[in-house]
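Numbering-wise, the sequence shown is residues 1 to 340 according to the UniProt record's numbering. Presented below is the structure to which this report refers.
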Amino acid sequence: MQHIRTGILTSIICLILAIAIFPISTPLLRWARTLTRTTSTTTLKSTPSVVTSKTPANLYTTATMPRTPVYFLSHGGPNIMEDFDHPAYSKLQEIGKEITAKVKPKAVVVFSAHWQASPDKIQVNTAEITDLIYDYYGFPDHYYKVKYPNVGSRDLAGKVLGALEGAGIEAEGVKRGLDHGVFAPFTVAFDPKTNPLNVPLVQVSLFDSDDADKHYRLGEAMQGLRDEGILVIVSGMAVHNLRDMWKAMQQPAPMPYSVSFDAALKQAVEQKPENRQKAMAELLQRSDARRAHPSFEHLLPIHIGAGAAGSDSGKQLWTLPQGSMSWAQFRFGEVSNVTA
């Protein structure tokens with residue numbers, strides 16, 4: 001029952017996020033009325049891309065490849081896939097093109113705010129043909145027919161599981177679909193028609209825990225993968241308060257905590273790497289932390305990203321405090337260090 005309640009609450013939150021991005025007069029407000037009558041999540045099998053899931057064992061091994069960077073994406077709601085005029089849309093496109101044209105990863109490991117496994121165990125998606133999880137309610141029918149071409153990899157999932165075991169983190173392989181914290185921003189960043197990713201993609205869960213250091217250590221376990229051409233992407237929101245959504249819509253300026261916490265997050269991420277973990281853990285103790293994030297699942301992915309960054313510095317690429325949200329995008333490491 002707890003999982004059912006959590007799932008329904010998550011879906012309600014996703015719907016409210018979508019409503020916030022549309023004008024209040026939009027028909028989306030009418031769709032919200034159907035929310036309480038919807039009781040299940042639909043999945044649809046995605047169309048495989050040209051990538052083969054039978055990855056050669058040595059695909060990720062090279063003696064000359066420098067470390068890939070790490071990216072944090074503020075992903076918004078599922079409607080970002082069609083919100084062409086939103087400033088975050090073009091920024092996600094820009095980041096996606098940077099990744100495909102300059103980073104050129106051999107594979108991607110992604111963490112999303114919308115998958116929390118358990119307090120002490122991580123789950124790794126081992127599925128090779130991955131469904132999409134439509135973890136939202138009340139949208140027009142075509143939102144439940146979205147496809148995002150992707151292929152998993154047992155070999156890559158095995159590498160992730162091995163890295164976690166080596167770090168003393170309990171983990172298990174499961175078969176699961178991609179949630180909208182992955183396929184929504186990826187549809188924009190890696191448009192299947194204009195900028196396809198075309199490499200294996202494996203999603204990994206968060207802990208079901210608010211422990212920032214625990215998630216930082218989870219990221220640290222991923223560091224070695226970056227030396228093998230594997231890109232780590234973490235997906236959440238820099239500021240994410242859905243409870244204040246309606247209030248925020250009544251005023252033109254962003255909520256004060258959207259601005260203050262956004263600035264504090266930037267400052268913490270851009271600390272010297274040896275000081276970064278402490279600075280980022282202290283974010284959760286700030287007086288505005290629970291206003292910016294009533295629950296921390298959308299913040300914790302950046303702790304994973306910072307851990308995966310190791311000694312690489314972090315940088316805010318762009319930000320937009322908006323209402324009770326912030327769309328900040330971050331990168332750890334320099335793209336100029338990555339060669340084809």
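Just so you know, even glycine gets a beta-carbon here, dropped at the ideal spot from N, CA and C. Quick caveat, the model's predicted, so the values are computed rather than measured.
C-alpha gap between residue i and residue j, whole angstroms
i: Ile99; j: Pro196; result: 11 Å
i: Glu82; j: Thr187; result: 10 Å
i: Met222; j: Pro105; result: 15 Å
i: Ser260; j: Gln116; result: 27 Å
i: Ser324; j: Met255; result: 5 Å
i: Ile304; j: Val204; result: 11 Å
i: Gln271; j: Ala309; result: 12 Å
i: Pro27; j: Gln250; result: Low per-residue confidence applies at Pro27: pLDDT is 32, beneath 50, and the placement is therefore not dependable, though the value from the model is reported in the following sentence. Distance between the alpha carbons of Pro27 and Gln250: 18 Å.
i: Ile302; j: Gly76; result: 15 Å
i: Tyr137; j: Lys145; result: 13 Å
i: Ala171; j: Val232; result: 18 Å
i: Lys97; j: Ile133; result: 25 Å
i: Gly181; j: Ala281; result: 23 Å
i: Tyr257; j: Gln322; result: 11 Å
i: Arg291; j: Val160; result: 34 Å
i: Arg226; j: His86; result: 31 Å
i: Asn275; j: Gly162; result: 28 Å
i: Val234; j: Asp210; result: 16 Å
i: Ala32; j: Asp244; result: Model confidence at Ala32 stands at a pLDDT of 31, short of 50, so the residue's coordinates are unreliable; what they give is reported in the following sentence. Each residue's alpha carbon lies about 17 Å from the other.
i: Phe190; j: Gln316; result: 20 Å
i: Ile21; j: Gly166; result: Low confidence applies here, because Ile21 scores a pLDDT of 40, under 50, leaving its location unreliable and the question unanswered by this model.
i: Gln277; j: Met65; result: 27 Å
Reduced DSSP category for residue i - H, G, I as helix; E, B as strand; rest coil
i: Gln267; result: helix
i: Phe261; result: helix
i: Trp318; result: strand
i: Arg331; result: strand
i: Gly152; result: coil
i: Tyr134; result: strand
i: Leu9; result: In this predicted model, Leu9 has a pLDDT of only 44, less than 50, meaning its place in the structure is not dependable enough to derive any value.
i: Ile233; result: strand
i: His86; result: coil
i: Leu218; result: helix
i: Thr42; result: In this prediction, Thr42 scores a pLDDT of 32, lower than 50, which makes its location untrustworthy; the coordinate-derived value is nonetheless stated afterwards. Correct three-state label for Thr42: strand.
i: Asn125; result: strand
i: Ala101; result: helix
i: Gly323; result: coil
i: His75; result: coil
i: Ala113; result: strand
i: Gly173; result: strand
i: Val160; result: helix
i: Ala248; result: helix
Short Cβ contact (8 Å threshold) for residue i with residue j
i: Pro200; j: Gly236; result: no
i: Arg67; j: Gly333; result: yes
i: Asp208; j: Ser118; result: yes
i: Ile122; j: Leu178; result: no
i: Ser112; j: Ala238; result: no
i: Gln329; j: Ile95; result: yes
i: Leu300; j: Ala212; result: yes
i: Val124; j: Gly173; result: yes
i: Ala264; j: Leu283; result: yes
i: Gly219; j: Ala279; result: no
i: Trp318; j: Lys91; result: yes
i: His293; j: His240; result: yes
i: residue 342; j: Ala88; result: Residue coverage of the chain in this structure runs from 1 to 340, which leaves residue 342 outside it and unanswerable.
i: Ala101; j: Thr126; result: no
i: Asp135; j: His114; result: yes
i: Gly224; j: Val269; result: no
i: Val202; j: Val103; result: no
i: Pro78; j: Arg331; result: no
With 16 other Cβ atoms within 10 Å as the buried cut-off, status of residue i
i: Pro149; result: buried
i: Ser311; result: exposed
i: Gln267; result: exposed
i: Gln285; result: exposed
i: Ile230; result: buried
i: Arg176; result: buried
i: Thr34; result: Low per-residue confidence applies at Thr34: pLDDT is 26, beneath 50, and the placement is therefore not dependable, though the value from the model is reported in the following sentence. Exposed, by the Cβ-count rule.
i: Glu297; result: buried
i: Ile129; result: exposed
i: Phe84; result: exposed
i: Ala184; result: buried
i: Val335; result: exposed
i: Ala248; result: buried
i: His142; result: exposed
i: Lys193; result: exposed
i: Pro252; result: exposed
i: Glu228; result: buried
Can you list the beta strand (DSSP E) stretches of 3 or more residues lying completely in the segment 180-218, in chain order?
201-206
If we require 4 or more residues per run, which alpha helix (DSSP H) segments fall completely within the segment 266-314?
273-283, 289-292, 300-309
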